[in-house]
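In the numbering used here, the protein residues as written are 7 to 75.
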């Protein structure tokens, strides 16, 4: 998964703290969706995450996002 490696290695710009809020969470059995609003410096995203509980642990299985301009 080359993309994951790039994201994990990118880090944040110096003197920047991420600011994020869980806007919504919906859980049904072993499936869940989460809407997260993120800000990194002047960049703002809305993330939509799909999760599954596998062997007792929640795992992100997909992510959609919108970059606000």
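Built from N, CA and C at the ideal position, the CB exists for glycine as well. Predicted, not measured: the structure shown is a model, and the values here were computed from it.
With contacts defined by Cβ atoms closer than 8 angstroms, residue 49 and residue 72 do not form a contacting pair.
DSSP places residue 22 in the coil class of the three-state scheme, outside both helix and strand. Non-local C-beta neighbours of residue 58 in its own chain, meaning closer than 7 angstroms and more than five positions away in sequence, comprise 36, 37, 65 and 67, ordered along the chain. Secondary structure note for residue 53: its beta strand (DSSP E) is the uninterrupted segment 49-60.
For residue 44, the uninterrupted beta strand (DSSP E) segment begins and ends at 37-46.
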